[in-house]
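Student:
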Amino acid sequence: MSLDNDLDDGVQRPLLADSGAPEYGIADRTAIASSEQSERGTFTRNLGAIDAFAIIISIVIGSGIFTSPGSIDANVPSPGIALVLWLIGGVLAWTGASTLAELGTAIPGEGGVQPYLKRIFGDIFGFLAAWTWIVAVMPATLAILSIVFIESIFSAAGVADQARRIEHKLLSVLVLLVVNGANSISTKASTQLNKFFVVTKFVTILGVVVAGIAVLIIGAANPERDIGGRDWLTKPWFGFRDSVLPDGNVIEWGKLSQWEILGHYSTALYGALWAYSGWDKAVYISAELKSPARQLPLAINTSVPTIIICFIAANAAYYILLPWTLVSTTDSVAVAAITRLLGHGFGIVAAILVCLVVAGALLGNSFVTGRMTVAAGNQNWLPRFFAIVGKVGVTSNSDPGSTDPSETPKSDAPLNALLLSTILSTLYILFGNFRALLTFNGLGEYSFFFLTVLGAIVLRYREPDLQRPYKPFILIPAIFVVVSGFIVVRGAIFAPVQAGILVLVWIIGGGFYLARTWTRTREVEEISELTKRQCGFVHYFAAGSLEIVEDEMGEKFQVIPVKTSELERIGDEKMVRGDGSAFVGYLIQHVLGDGAGGGIGDNAAGLLGLEEENLRTVVRGVLSEL
1 MSLDNDLDDG
11 VQRPLLADSG
21 APEYGIADRT
31 AIASSEQSER
41 GTFTRNLGAI
51 DAFAIIISIV
61 IGSGIFTSPG
71 SIDANVPSPG
81 IALVLWLIGG
91 VLAWTGASTL
101 AELGTAIPGE
111 GGVQPYLKRI
121 FGDIFGFLAA
131 WTWIVAVMPA
141 TLAILSIVFI
151 ESIFSAAGVA
161 DQARRIEHKL
171 LSVLVLLVVN
181 GANSISTKAS
191 TQLNKFFVVT
201 KFVTILGVVV
211 AGIAVLIIGA
221 ANPERDIGGR
231 DWLTKPWFGF
241 RDSVLPDGNV
251 IEWGKLSQWE
261 ILGHYSTALY
271 GALWAYSGWD
281 KAVYISAELK
291 SPARQLPLAI
301 NTSVPTIIIC
311 FIAANAAYYI
321 LLPWTLVSTT
331 DSVAVAAITR
341 LLGHGFGIVA
351 AILVCLVVAG
361 ALLGNSFVTG
371 RMTVAAGNQN
381 WLPRFFAIVG
391 KVGVTSNSDP
401 GSTDPSETPK
411 SDAPLNALLL
421 STILSTLYIL
431 FGNFRALLTF
441 NGLGEYSFFF
451 LTVLGAIVLR
461 YREPDLQRPY
471 KPFILIPAIF
481 VVVSGFIVVR
491 GAIFAPVQAG
501 ILVLVWIIGG
511 GFYLARTWTR
521 TREVEEISEL
531 TKRQCGFVHY
541 FAAGSLEIVE
551 DEMGEKFQVI
561 PVKTSELERI
571 GDEKMVRGDG
581 SAFVGYLIQH
591 VLGDGAGGGI
601 GDNAAGLLGL
611 EEENLRTVVR
621 GVLSEL
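If you read the sequence shown in UniProt numbering, its first letter stands for residue 1, the second for the next number, and so on.
1. Between the segment 426-436 and the segment 140-155, do at least 3 Cβ pairs fall closer than 8 Å?
2. From the DSSP secondary-structure annotation, give me the bridge partner or partners of Val-244.
3. Starting from Leu-47, follow its DSSP beta bridges and name the residues at the other end.
4. In whole angstroms, what is the alpha-carbon distance linking Cys-310 and Val-135?
5. Quick check on Ile-50: buried or exposed, where buried means 16 or more other Cβ atoms within 10 Å of its Cβ?
6. By alpha-carbon positions, which one of Gly-248, Ala-334, Ala-317 ends up nearest to Thr-348?
7. CB-CB under 7 Å to Ser-447, same chain, minus the five flanking residues each way: which ones, in chain order?
8. Starting from the Cα of Glu-102, find the closest Cα among Glu-224, Ser-366, Ile-300, Ser-172 and give me that residue.
9. I'd like to know whether the C-beta atoms of Ser-58 and Val-358 end up nearer to each other than 8 Å.
10. Taking just the CA atoms, how far does Ala-478 sit from Ile-457?
11. Please state the DSSP three-state secondary structure of Arg-230.
12. Would you be able to state if there are at least three C-beta pairs under 8 Å between the segment 76-84 and the segment 277-295?
13. Please tell me whether Leu-438 and Ile-65 are closer than 8 Å, where the distance is taken between their beta carbons.
14. Report back the beta-carbon spacing between Ala-336 and Leu-322 to the nearest angstrom; my notes put them in contact at under 8 Å.
15. If you drop the 5 nearest sequence neighbours on each side, which residues of the same chain put their C-beta closer than 7 Å to that of Leu-174?
16. Hey, Ser-366 and Val-179: beta-carbon distance below 8 Å or not?
17. Roughly how many angstroms lie between the CA atoms of Phe-127 and Trp-381, to the nearest whole one?
18. Would you report the Cα separation of Ser-243 and Ala-417, rounded to the nearest angstrom?
19. What whole-angstrom Cβ distance do Ser-425 and Gly-271 have, given they're in contact under 8 Å?
20. Quick check: what's the CA-CA separation for Ala-220 versus Thr-234?
21. Using beta-carbon positions only, say whether Val-250 and Asp-73 come within less than 8 Å of one another.
22. Among Val-389, Arg-490, Ile-429, which has the Cα closest to the Cα of Gln-258?
23. Reducing DSSP to helix, strand and coil, say where Phe-449 ends up.
24. Taking the alpha-carbon of Arg-119 as reference, which of Arg-462, Trp-518, Phe-480 has the nearest alpha-carbon?
25. Give the single residue among Val-137, Gly-263, Glu-167 whose Cα lies nearest to the Cα of Phe-494.
26. Helix, strand or coil for Pro-323? Go by DSSP, reduced to three states.
27. Using beta-carbon positions only, say whether Thr-99 and Val-374 come within less than 8 Å of one another.
28. Given that a residue counts as buried once 16 or more other Cβ atoms are within 10 Å of its Cβ, and exposed if not, what is Ile-423?
29. Around the C-beta of Leu-206, are 16 or more other C-beta atoms found within 10 angstroms, so that it is buried, or is it exposed?
30. Kindly provide the ranges of any alpha helix (DSSP H) runs that are 4 or more residues long and lie completely inside the segment 412-475, ordered along the chain.
31. I'd like to know whether the C-beta atoms of Trp-253 and Gly-442 end up nearer to each other than 8 Å.
32. So, is Leu-427 buried or exposed, given that buried needs 16 or more other C-beta atoms within 10 angstroms?
33. Could you tell me the alpha carbon to alpha carbon distance between Thr-521 and Gln-379, rounded to whole angstroms?
34. Quick one: what's got a C-beta closer than 8 Å to Phe-473's C-beta in the same chain, skipping five residues either side?
35. Going straight from the alpha carbon of Glu-167 to that of Ser-266, what length do you get?
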């Protein structure tokens, strides 16, 4: 499997656990065990530690390093403290990645926080994690990137203070529509385009660091020469100075209490964490490493420190290239720095490079958002409408087995899912701004990162015998829990509007989850009664994810998907024909595989055409004896 395919098709999809699990369950225990083993070996283990090192750096280093320094500088009293917060953000990413590596190598699955939360705290926490990413985190990410794209163009043109104007917002929406449109054309086209964007991020960050080093050398050799900014040479790096905000307001740090200052630091840290976002994806590559228990921690413990050094170096370069009062007022600091140093011509080149980096991030995140939404639809966590691929609208259930060429999708893109993300992202663009959305995004992500890492600690005591190929020292997850817990709580207090919207998202999601659970429970009861009447015994049904469950007798069974309407229709037909055994025989075939039903209903499979929808049906092991 190529690197690009791995990143493009699998980055966030594992957030919805078991989305790639087999369609059908298996009733006997031997088959269940073999099925579980086969699920874990999806990828070829052909990557080494160096490959993992490169992949992690490619995932993490993105547009954040060019866009978030301004929001950080505006919420700290000095450049030195800003650099310290960049270090703290990096350490937080480091400890979080190490802890997720422990969970990823211990719990079967393809990574992401959802399967871990589900196992540790219950199904509703897994659902709320997926819901938050689909409804809040990912649409906010797309909105942020769209805003930054336009901001970079305005900055290169020398136009400031445009972020809140309606023209800026409408242009940002246009960028969003273009990118989501590109993803709606073809999966292959979008992934090929993504390959081009990977290189631009490294070229851009290298250019900024080299420019900073050049100015540093020239300024140190000739202090009288006016090149770049002069504040780095004439002002103390840790000396307090008032911060100027983009709207012209000034933060007078000497008049703030320590609690208020901590609130600003929490907001600043969200800007750094935005730049480090992607560290949670490091665990995704464990399935392709030759020796994950050794190579994954080695890759994390080398790549994350490298990223921290790069980010601190780039931010130090910004403070060397720009007057310090200018850093806090722009959301496109890299473009502003190059423009001031080399003029508008090179500023336009820098803007193009940054726009390419942002476009690549937009394309990748749009791609991922669509796949996450489809997976949620397949899990019945969202309406099945969002799981449809290749067309807008709903499919007809009248003929599920139709192969009419006219109905063959012309696109392999999840159009309904992309439409949902476009609508949500547009709302965030119109009613939010870059810095408010950064805080909102950070609150959404780190609420669940906090719970996940806390869960890793809980799991150590609850399941001490769980096989953990990689187990970092307990202080590592403890540091993450303490720091992330503080910034979530303090950040929510400091930004009550964003926190309130996020809580509203959770309330709506929880209500949706409970409503879906109640609806499926009623369907289960109806189907159970139907099969009892027709087959003379009670089938056990469960509305949940594809998994192993245990009944009240202690017997274990695997959940299988069944379409309610089809089950009722076929059951009625079989009873009319006096052939209830064929109905039972099909269920046996469906559970145990082709031919397992023996002479009972051999032709039933051709008459049914069941599709995955609505329910996960648990069939008792005694079914095979009928």
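Yeah, the Cβ is synthetic: ideal placement off N, Cα and C, and Gly gets one too.
Tutor: If we stick to the structure as given:
1. The segment 426-436 and the segment 140-155 touch, with no fewer than 3 CB-CB distances between them shorter than 8 Å.
2. For this step, residue 244 is matched to residue 244 along the sequence shown. Val-250, per the DSSP bridge assignment.
3. Taking the sequence shown and counting its residues from 1, one reaches residue 47 at position 47. Per DSSP, Leu-289.
4. Against the sequence shown, residue 310 aligns to sequence position 310. Against the sequence shown, residue 135 aligns to sequence position 135. Roughly 32 Å separates the two Cα atoms.
5. Position 50 of the sequence shown holds residue 50. When all chains shown are included, Ile-50 counts as exposed.
6. Along the sequence shown, read from residue 1 onward, the residue named residue 348 stands at position 348. Sequence inspection shows Ile at residue 348; the Thr mentioned does not correspond to that position. Nearest option by C-alpha distance: Ala-334.
7. One-based indexing of the sequence shown puts residue 447 at position 447. Answer for Ser-447: Val-488, listed in chain order.
8. Position 102 of the sequence shown, counting from 1, holds the residue named residue 102. Selection Glu-224, Ser-366, Ile-300, Ser-172 evaluated against Glu-102 yields Ile-300 as nearest (Cα-Cα).
9. Within the sequence shown, residue 58 is the residue found at index 58, counting from 1. Within the sequence shown, residue 358 is the residue found at index 358, counting from 1. The answer is no: Cβ separation not under 8 Å.
10. What you label residue 457 is simply residue 457 of the sequence shown in a count that begins at 1. What you label residue 478 is simply residue 478 of the sequence shown in a count that begins at 1. Each residue's Cα considered, the two are about 8 Å apart.
11. In the sequence shown, the residue the question calls residue 230 occupies position 230. Arg-230 falls in the coil class under three-state DSSP.
12. The segment 277-295 and the segment 76-84 do not touch, with fewer than 3 CB-CB distances between them shorter than 8 Å.
13. The count along the sequence shown starts at 1 and reaches residue 438 at position 438. The count along the sequence shown starts at 1 and reaches residue 65 at position 65. No, the pair does not count as a contact, with Cβ atoms beyond the cut-off.
14. Locating residue 336 in the sequence shown gives position 336, counting from the first residue. Locating residue 322 in the sequence shown gives position 322, counting from the first residue. Correct: roughly 6 Å between the Cβ atoms.
15. The residue labelled residue 174 in the question sits at position 174 within the sequence shown. A distance below 7 Å between beta-carbons, with the five flanking residues on each side excluded, links Leu-174 to no residue of its chain.
16. Position 366 of the sequence shown, counted from the start, is the residue given in the question as residue 366. Position 179 of the sequence shown, counted from the start, is the residue given in the question as residue 179. Yes, the Cβ-Cβ distance between Ser-366 and Val-179 is below 8 Å.
17. Indexing the sequence shown from 1 puts residue 127 at position 127. Indexing the sequence shown from 1 puts residue 381 at position 381. Approximately 7 Å between the Cα atoms of the pair.
18. Here the question's residue 243 lines up with position 243 in the sequence shown. Here the question's residue 417 lines up with position 417 in the sequence shown. The alpha-carbon atoms of Ser-243 and Ala-417 are separated by roughly 41 Å.
19. Stepping through the sequence shown from its first residue, residue 425 is reached at position 425. Stepping through the sequence shown from its first residue, residue 271 is reached at position 271. No, Ser-425 and Gly-271 are not in contact; Cβ-Cβ is about 20 Å, not under 8 Å.
20. Residue numbering aside, residue 220 sits at position 220 when the sequence shown is read from its first letter. Residue numbering aside, residue 234 sits at position 234 when the sequence shown is read from its first letter. When rounded, the separation of the alpha-carbon atoms in Ala-220 and Thr-234 is 11 Å.
21. The residue labelled residue 250 in the question sits at position 250 within the sequence shown. The residue labelled residue 73 in the question sits at position 73 within the sequence shown. No, they are not a contact pair.
22. Residue mapping note: residue 258 aligns to position 258 of the sequence shown, counting from 1. Closest option to Gln-258, Cα to Cα, is Arg-490.
23. For the purposes of this step, residue 449 is taken as the residue at position 449 of the sequence shown. Reduced to three states, the DSSP call for Phe-449 is helix.
24. For the purposes of this step, residue 119 is identified with residue 119 of the sequence shown, where counting begins at 1. Ranking Arg-462, Trp-518, Phe-480 by CA distance to the CA of Arg-119 puts Arg-462 first.
25. By 1-based counting over the sequence shown, the position of residue 494 is 494. Checked all of Val-137, Gly-263, Glu-167; the closest Cα to Phe-494 is Gly-263.
26. Here the question's residue 323 lines up with position 323 in the sequence shown. Coil.
27. Taking the sequence shown and counting its residues from 1, one reaches residue 99 at position 99. Taking the sequence shown and counting its residues from 1, one reaches residue 374 at position 374. Contact: no.
28. Here the question's residue 423 lines up with position 423 in the sequence shown. Per the 10 Å Cβ criterion, exposed.
29. As a working note, residue 206 is residue 206 in the sequence shown. Here Leu-206 is exposed, its C-beta having fewer than 16 other C-beta atoms within 10 Å.
30. Segments of the alpha helix (DSSP H) lying fully in the segment 412-475: 415-431, 434-462.
31. Stepping through the sequence shown from its first residue, residue 253 is reached at position 253. Stepping through the sequence shown from its first residue, residue 442 is reached at position 442. No, they are not a contact pair.
32. Translated into the one-based positions of the sequence shown, residue 427 becomes position 427. Burial call: exposed.
33. Along the sequence shown, one-based indexing puts residue 521 at 521. Along the sequence shown, one-based indexing puts residue 379 at 379. Distance between Thr-521 and Gln-379, taken at the CA atoms: about 15 Å.
34. Numbered from its first residue, the sequence shown carries residue 473 at position 473. None.
35. As a first step, residue 167 is located in the sequence shown; it is residue number 167 there, counting from the start. As a first step, residue 266 is located in the sequence shown; it is residue number 266 there, counting from the start. Taking the straight line joining both Cα atoms gives about 31 Å.
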